[in-house]
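Down below is the structure, laid out as structure tokens.
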Amino acid sequence: MIDTDLIASENAGRGKTLASEYEALGDQLDRRGIAIDDIKRKVAAYGVAIPSWGVGTGGTRFARFPGKGEPRDIFDKLSDCGVIHQVTAATPNVSLHIPWDKTDPRALRDKAGEVGLGFDAMNSNTFQDQPDQKLSYKFGSLSHTDAAVRQQAVAHNLECIEIGQAIGSKALTVWVGDGSNFPGQTDLTRQFDRYLDAMEQVYAGLPDDWRLFTEHKMFEPAFYSTVVQDWGSNLMIAQHLGAKAFCLVDLGHHAPNVNIEMIVARLIRAGKLGGFHFNDSKYGDDDLDTGCIDPYRLFLVFNELAIAEGNPDFRPAHMLDQSHNVTDPMESLMVSAMEVQRAYAQALLVDRQALAGYQDANDALMATTTLKTAFRTDVEPILAMARADQGAAIDPVATFRASGYRQRVAQERPEVTGAGGGIV
Ligand SMILES: [Mn+2]
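Residue numbers (numbering that gives the first Met the number 0): 0 to 423.
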């Protein structure tokens with residue numbers, strides 16, 4: 000972990016400027032009828048989970064270029080995640096991936112406790128073959144034509160639940176790469192039926208206080224059709240399985256220009272929005288850093304979430320799901336967590352009453368301007384003050400760089416070569 004004295008001294012140099020910026024923004028918001036401390040309190044309570052695989056350097060279909068001091072195992076990953084949370088106070092939980100992170104659950108719990116983290120949803124993996132695996136997933140897993148393969152995939156998901164129970168997780172996220180590459184390769188309906196049948200068995204193994212998230216993705220690795228292609232298929236699955244099943248929306252898993260915020264609104268309306276994998280994209284499932292391409296879209300998603308906030312059953316899970324190829328993954332995750340918090344804070348600033356009035360009066364210009372007013376507000380002082388109040392860094396990336404953490408771990412951890420996951 001980073002020395003708390005270093006964080007304090009870094010903050011000391013920035014505290015005065017922050018205090019005056021926070022006060023000025025407070026005055027501005029006060030004139031708009033918003034109490035800045037209320038927003039800060041909500042932001043401070045808001046967290047986004049880190050995927051364990053996110054702290055390693057990702058790759059593309061072409062190559063993976065290793066970074067310095069990459070984590071060697073899940074314990075190194077938890078150390079890195081702990082530091083990210085230490086400086087941002089925005090990432091209290093880690094989402095594990097089985098089998099990549101499989102180890103003694105008690106050791107996992109101990110390590111997480113040591114670095115101040117909890118565990119978010121478990122992620123199963125039936126999109127690649129493991130060395131000790133009996134049957135191959137080359138032609139699918141939960142929807143495979145062979146019942147034995149489907150059974151193996153079901154058993155793996157049940158094992159993920161079992162491990163999750165031992166470490167205090169409360170959800171399972173299932174994404175499958177199943178699909179087809181050629182028209183006619185599979186019977187689209189029978190394949191979906193096989194998937195539903197297998198998922199019923201996974202669902203049956205879910206503890207009462209758990210939730211099951213299914214994640215849709217338009218294409219890749221299957222390039223003609225995928226079994227859980229879109230939010231419509233996903234909603235059918237969640238409704239078919241039952242009350243503990245919900246849809247997970249990965250922002251990168253849609254066609255370009257798809258109106259994701261509208262999908263979010265529909266899933267909320269259906270009571271089936273389970274959560275998010277945040278990232279950004281320009282062309283496809285690019286897994287770029289959240290908010291780096293289209294922060295307005297991220298804001299519009301959070302605008303829908305802010306509307307639903309307060310409903311008793313509304314508690315979507317939030318996780319980053321990105322692949323970091325050219326940046327320090329820890330720095331990217333810090334910035335991305337802050338981007339998510341920023342979108343949330345901006346969405347809280349929307350004048351709902353004025354917006355509803357403009358909508359009812361069909362005043363399109365003023366309605367959209369109302370959203371823009373919130374989006375254009377620089378909420379950085381709120382985020383920074385929320386961090387400072389919690390002993391985190393006013394400037395997380397600068398503080399992280401000043402700490403020399405990366406250089407220190409680079410001496411202990413040899414370069415990780417070879418292929419690495421990241422695009423899921
Ligand atoms: Mn994802």
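C-beta atoms are modelled at their ideal positions from N, C-alpha and C, and glycine is treated no differently.
Throw me the rounded Cβ distance for the residue i and residue j pair, which I believe falls under 8 Å.
i	j	result
D119	M318	6 Å
I162	P104	6 Å
A383	L17	5 Å
H252	K216	4 Å
D177	L141	6 Å
V148	V201	Actually they do not touch by this definition, with Cβ atoms about 14 Å apart.
D284	E214	At roughly 11 Å, the Cβ-Cβ gap does not stay under 8 Å, so D284 and E214 are not in contact.
A409	K67	4 Å
I381	I35	6 Å
Q345	F374	5 Å
E414	P65	5 Å
V42	Q406	Wrong, their Cβ atoms sit about 31 Å apart, outside the cutoff.
A221	S179	6 Å
For the alpha helix (DSSP H) containing residue i, name the first residue and the last one.
i	result
N302	P294 to A307
V153	A146 to I166
T172	It is not in any alpha helix (DSSP H) - T172 instead sits in the beta strand (DSSP E) that spans A170 to V173.
H84	I73 to T87
H276	From DSSP, H276 is part of no alpha helix (DSSP H) but of the beta strand (DSSP E) over L272 to F277.
A11	T3 to R30
M337	P328 to L347
K426	Only positions 0 to 423 of the chain appear in the structure, and residue 426 is not among them; the question remains open.
N258	That residue, N258, is in no alpha helix (DSSP H); it is neither H nor E in DSSP.
H239	W230 to L240
V114	Element bounds for V114: n/a, residue is neither H nor E.
E411	Y404 to E411
K371	A363 to R375
Q190	L187 to A203
D100	From DSSP, D100 is part of no alpha helix (DSSP H); its letter is neither H nor E.
Q352	R351 to D359
Can you tell me where the beta strand (DSSP E) holding residue i begins and where it ends?
i	result
M384	Where M384 is concerned, there is no enclosing beta strand (DSSP E), although the alpha helix (DSSP H) it sits in stretches over E379 to D388.
S94	N92 to S94
F222	From DSSP, F222 is part of no beta strand (DSSP E); its letter is neither H nor E.
C246	A244 to D249
T213	R210 to E214
M318	A316 to L319
Judging by CA-CA distance, which residue of the options is the nearest neighbour of residue i?
i	options	result
D4	G46, D75, L332 and V86	V86
F212	A7, E199 and A355	E199
T188	V175, T144 and Q151	T144
A336	T369, D394, A363 and Q132	D394
P91	F222, P413 and R386	R386
G167	Q129, S94 and Q151	S94
E158	A146, E219, A409 and T125	T125
R268	F245, Q345, G390 and K15	F245
R13	Q151, R405 and A391	A391
E338	K137, D377, D312 and Q352	D377
R210	F181, K169 and S179	K169
Q228	A373, Q190, Q340 and G53	Q190
A203	S224, L171, S232 and D72	L171
H96	G112, K39, H155 and A237	H155
R30	G53, D388 and D350	D350
W99	D75, D37, A89 and G115	D75
V173	L205, S19, E113 and L107	L205
A11	D388, E411 and S123	D388
D312	K243, G53, E379 and N278	K243
A111	M0, E308 and Y357	M0
Q127	V175, R60 and M121	V175
G464	A88, Q406 and T185	Examination of residue 464 is not possible in this model, given that the chain is present from 0 through 423 alone.
I262	V226, L299 and I236	L299
Please confirm if residue i has its CB atom under 8 Å from at least one CB of chain D.
i	result
V173	No chain D is part of this structure, which consists of one protein chain only.
With hydrogens ignored, establish whether the beta-carbon of residue i is closer than 7 Å to any heavy atom of ligand 2.
i	result
A353	This structure simply doesn't include ligand 2; it includes ligand 1 instead.
Within the chosen definition, does the region 322-333 reach the region 250-266 through at least 3 CB pairs nearer than 8 Å? no
Taking 8 Å as the cut-off, does the region 329-349 touch the region 76-96 (at least 3 CB pairs, one atom from each stretch)? yes
Neighbourhood of ligand 1 [Cβ distance below 5 Å to any heavy atom], ordered by chain position: Qualifying residues, in the order they occur: D249, H276 and D320.
Take every Cβ of the region 45-59, pair it with every Cβ of the region 14-30, and state whether three or more of those distances are shorter than 8 Å. no
Three or more C-beta pairs below 8 Å linking the region 300-316 and the region 266-277: yes
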